[in-house]
Every structure is written in C-alpha cells, then in structure tokens.
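>
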Amino acid sequence: MLLESDNFLLELTKLFQQQRVKNSGSLSLVMKRYDGQTKPKPKLTKKQRLEKKQTPTNSSTTAHDSVEYKCLVRATFGSKKLSTIVSSKDINRFQLAYSNLLKANMDTLKKKAKESKATGQASANANSNVPSSPRVATNAASTSSATNQQKKTPTTPAKKK
Amino acid sequence: MFIQSWDEFAKQAERLYLNDPMACRLCLKYRNEKLILRLTDNRTCLQYKTKYAQDLKKAEKFMSSLLRHMASKEA
Numbered sequence: 142m143l144l145e146s147d148n149f150l151l152e153l154t155k156l157f158q159q160q161r162v163k164n165s166g167s168l169s170l171v172m173k174r175y176d177g178q179t180k181p182k183p184k185l186t187k188k189q190r191l192e193k194k195q196t197p198t199n200s201s202t203t204a205h206d207s208v209e210y211k212c213l214v215r216a217t218f219g220s221k222k223l224s225t226i227v228s229s230k231d232i233n234r235f236q237l238a239y240s241n242l243l244k245a246n247m248d249t250l251k252k253k254a255k256e257s258k259a260t261g262q263a264s265a266n267a268n269s270n271v272p273s274s275p276r277v278a279t280n281a282a283s284t285s286s287a288t289n290q291q292k293k294t295p296t297t298p299a300k301k302k
Numbered sequence: 028m029f030i031q032s033w034d035e036f037a038k039q040a041e042r043l044y045l046n047d048p049m050a051c052r053l054c055l056k057y058r059n060e061k062l063i064l065r066l067t068d069n070r071t072c073l074q075y076k077t078k079y080a081q082d083l084k085k086a087e088k089f090m091s092s093l094l095r096h097m098a099s100k101e102a
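The listed protein sequences correspond, in order, to chains A and B. So the mapping is simple: my numbering equals the position in the first sequence, first residue as 1, plus 141. So the mapping is simple: my numbering equals the position in the second sequence, first residue as 1, plus 27.
1) Suppose only complete runs of 4+ residues qualify. What are the alpha helix (DSSP H) ranges in the stretch 156-226 of chain A, listed by chain order?
2) Name the DSSP bridge partner or partners of B/C72?
3) What do you reckon, are the CB atoms on A/F149 and A/L223 nearer than 8 Å?
4) Mind listing which residues of the stretch 227-253 of chain A have their C-beta closer than 7 Å to chain B's C-betas, in chain order?
5) To which residues does DSSP link B/Y57 through a beta bridge?
6) CB-CB under 7 Å to B/L43, same chain, minus the five flanking residues each way: which ones, in chain order?
7) In terms of DSSP beta bridges, what is A/L143 paired with?
8) In terms of residue numbering, what span does the alpha helix (DSSP H) encompassing B/M104 cover?
9) Checking contacts by CB at 8 Å: is B/R52 closer than that to chain A?
10) Taking just the CA atoms, how far does A/K188 sit from A/V171?
11) Give me the DSSP bridge partner(s) of B/T77.
12) Are the beta-carbon atoms belonging to A/Y175 and A/C212 less than 8 Å from one another?
13) Do A/L153 and A/L242 come within 8 Å of each other at the CB atom, strictly closer than that value?
14) Considering only DSSP beta bridges, list what B/R42 is partnered with.
15) Within 10 angstroms of its Cβ, does A/V227 collect 16 or more other Cβ (buried), or is it exposed?
16) Would you list, in chain order, the members of the stretch 165-194 of chain A that have their beta-carbon closer than 9 Å to a beta-carbon of chain B?
17) Just to make sure I have the definition right: I need the residues of chain B whose C-beta is within less than 9 Å of the C-beta of A/K211. Which are they?
18) At a CB-CB cut-off below 9 Å, which residues of chain A make contact with B/K56?
19) Would a C-beta distance cut-off of 8 Å place A/K173 and B/K78 closer than the cut-off?
20) Going by the beta-carbon positions, is the gap between B/Y57 and A/S229 smaller than 8 Å?
21) Leaving out the 5 sequence neighbours to the left and right, which residues in its chain are closer than 8 Å to A/I232 when beta-carbon positions are compared?
22) According to DSSP, what are the bridge partners of B/R52?
23) Per DSSP, which one or two residues make a beta bridge with A/K251?
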C-alpha cells in the first residue's frame with residue numbers, strides 16, 4: 142500500500158501499537174534509494190552487449206546524473222505492508238518525524254547500557270573534558286581529536302561531497 | 028555476518044553504501060526487545076544486533092544521515 146509520507150507515519154504508528162498489543166511478531170523497516178524505476182533492469186541480450194562494447198554511449202550516464210533521487214521506505218508487520226516515497230524536498234520533515242516515531246515506539250529495548258562499552262566511552266570523554274594534569278591533557282586532546290576526525294567521516298555521508 | 032561493534036558497523040556500512048548507493052538497502056527489524064540492522068547490496072550483508080536503547084540513538088542518527096543521502100542528488 143503506497144501512502145503519502147504523513148499517512149505512512151500514521152499507519153506505522155498503528156503497526157507499532159498492534160505489535161505492542163499482540164506482544165509478538167516482528168516489525169521490519171526497509172529503506173533504499175529510489176530513482177523512479179519500478180522494474181528491475183532487463184538483462185542485456187547478447188546483441189545489445191556487443192553493441193554496447195563497440196559504442197560506449199554516454200546517454201545512460203547523463204540520464205543518471207539528472208535523476209533526482211528519492212527514498213523509498215517500506216514497513217512490514219505480519220501481512221500488513223506500507224510503503225512511501227520521500228522526495229528530497231520533504232526529507233527534513235519526514236526524517237524528523239520518522240526518527241521521533243522510532244524513538245518513541247522502540248521503547249522495549251533495555252535502558253541499562255553494556256558495561257564495557259559504556260565505561261570505555263565514559264572514560265574517553267572524561268579524559269578529553271576534564272584533564273587532571275597538563276601532560277595528560279595534551280595527550281588526551283590529541284587522541285580525542287584524532288578519534289573525532291575518524292568518527293566524523295563514517296557518520297556523515299551526506300556532507301562528504 | 029554480525030558485527031559486534033557499532034563503530035565498525037557504521038564504518039563498513041557507509042563504505043558499502045557509497046560503493047553502490049543504488050543497490051544498497053537498509054533493513055531494520057524490531058522484535059520484542061531486539062533490534063537488528065542490516066545493510067546489504069545483495070553481495071555483502073552487514074548486520075548489527077542490539078538489545079539496548081543507547082544503540083537505538085546511534086542507529087537513528089545513522090539512519091537519518093543515510094536517509095538524507097538517499098534523497099539527495101549525490102551519486
């Protein structure tokens with residue numbers, strides 16, 4: 142069932158509620174890039190492949206560049222299926238609403254953090270924020286900045302280019 | 028394959044996605060008290076499993092940036 146993004150969020154909330162009432166079943170969400178093509182590309186026949194080899198056309202690449210990408214989001218719970226397509230102009234609104242919805246509804250996860258992970262992160266933060274001695278401070282600052290740089294690159298694919 | 032550390036997952040997932048944005052999909056599976064993230068391009072499959080709410084925050088952040096990138100014009 143293809144819905145507008147607002148309706149999609151509404152229906153998705155209902156799915157979460159159903160899951161909670163039943164207390165069983167899994168809810169899956171899928172998101173992928175969407176360029177307007179609904180069918181898979183047909184495989185090239187032998188003839189076409191030969192033609193392509195001889196004349197490497199630019200038409201496909203130029204067409205590819207002009208495509209405005211959208212995001213296809215699907216949700217499935219049991220036999221109920223929802224989907225929506227978000228265009229780049231609605232993405233801010235949708236993303237905010239969507240992540241709030243997820244945060245609000247995935248609340249059965251355990252609050253207590255894993256010991257090892259939590260302590261590791263906490264100590265690292267403590268070192269960089271509250272240095273006890275100047276020597277430690279410089280070390281901590283340099284390492285923390287380095288790790289920050291490393292961390293930043295993977296988590297921000299959107300701002301990369 | 029399941030990846031144990033979130034940072035590792037995020038790093039590899041991003042690399043896989045940027046390698047071929049059109050072929051990648053991100054699946055979330057939410058089951059009572061469990062959350063599984065899966066990013067796959069039909070060749071490689073990266074999975075991360077968690078039970079904790081703190082990972083949800085990171086996952087949500089990751090999803091947001093991915094969502095933004097998917098709907099942007101960048102190749």
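Note that beta-carbon positions come from the ideal geometry of N, C-alpha and C, so glycine has one too.
Straight from the coordinates:
1) 187-195 and 200-207
2) B/T67
3) yes
4) V227, S228, S229, I232, Q236, S240, L243, K244, M247, T249, L250, K251 and K252
5) A/L168 and B/L62
6) C51, L66, D68, T71 and L73
7) A/S224
8) For chain B, the structure presents residues 28 to 102; residue 104 of chain B sits outside this window and is missing.
9) yes
10) 36 Å
11) B/L62
12) yes
13) yes
14) Per DSSP, none; premise fails for B/R42.
15) buried
16) S165, G166, S167, L168, S169, L170, V171, M172, K173, R174, Y175 and D176
17) M97 and A98
18) S167, L168, S169 and L170
19) no
20) no
21) C212
22) A/K173 and B/T67
23) B/Y79
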